[in-house]
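Note sheet for the following structure.
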Amino acid sequence: MKNFIIIAIISIFSTTAKAAVAVTDNPLCNIYATAQNVVVSNPQNQPLEITITKRSGTIVSKMKVTGREKQIPIKDLNVGKYNVVVKNPTQQQQTFRLDVL
19 MKNFIIIAII SIFSTTAKAA VAVTDNPLCN IYATAQNVVV SNPQNQPLEI
69 TITKRSGTIV SKMKVTGREK QIPIKDLNVG KYNVVVKNPT QQQQTFRLDV
119 L
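Start counting the sequence shown at 19; every next residue gets the next number (our numbering).
Shown next, in the form of structure tokens:
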């Protein structure tokens, strides 16, 4: 029974994320984390390009957001520290930190 409990706790932590919110006067978007997803909220409803990189700079994922919200499953990400870079069509950029625990 003890081994099962430990495995359950590890699986809970491996699907947990926290996102640091960038504080700017005019954010391109807002990002927050749930237990299963990183949610990108796009209140201006403008086309955005999202790039998730490891802190070393290696690109993990690239995607486009055309609606008001994009949910990115964290089960696709290994435990670690990431940057989420958001660009709009005029190449304005905003970077968020993402820790997958």
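Beta carbons: idealized from backbone N, C-alpha and C, even for Gly.
| Can you give the Cα-Cα distance for Asn92 and Val56, rounded to whole angstroms? | Note on identity: in this sequence residue 92 is Ile, with Asn being the wrong assignment. When rounded, the distance between both Cα atoms is 7 Å.
**Asked** Under 8 Å between the Cβ atoms of Pro107 and Gln64?
**Response** yes
Same chain, Cβ closer than 8 Å to Arg86, neighbours up to 5 away in sequence not counted = Taken in chain order, the residues that qualify are Ser59, Asn60, Pro61 and Asn63.
| Can you round the beta-carbon distance between Asp117 and Lys99 to whole angstroms, since I take them to be within the 8 Å contact cut? | 5 Å
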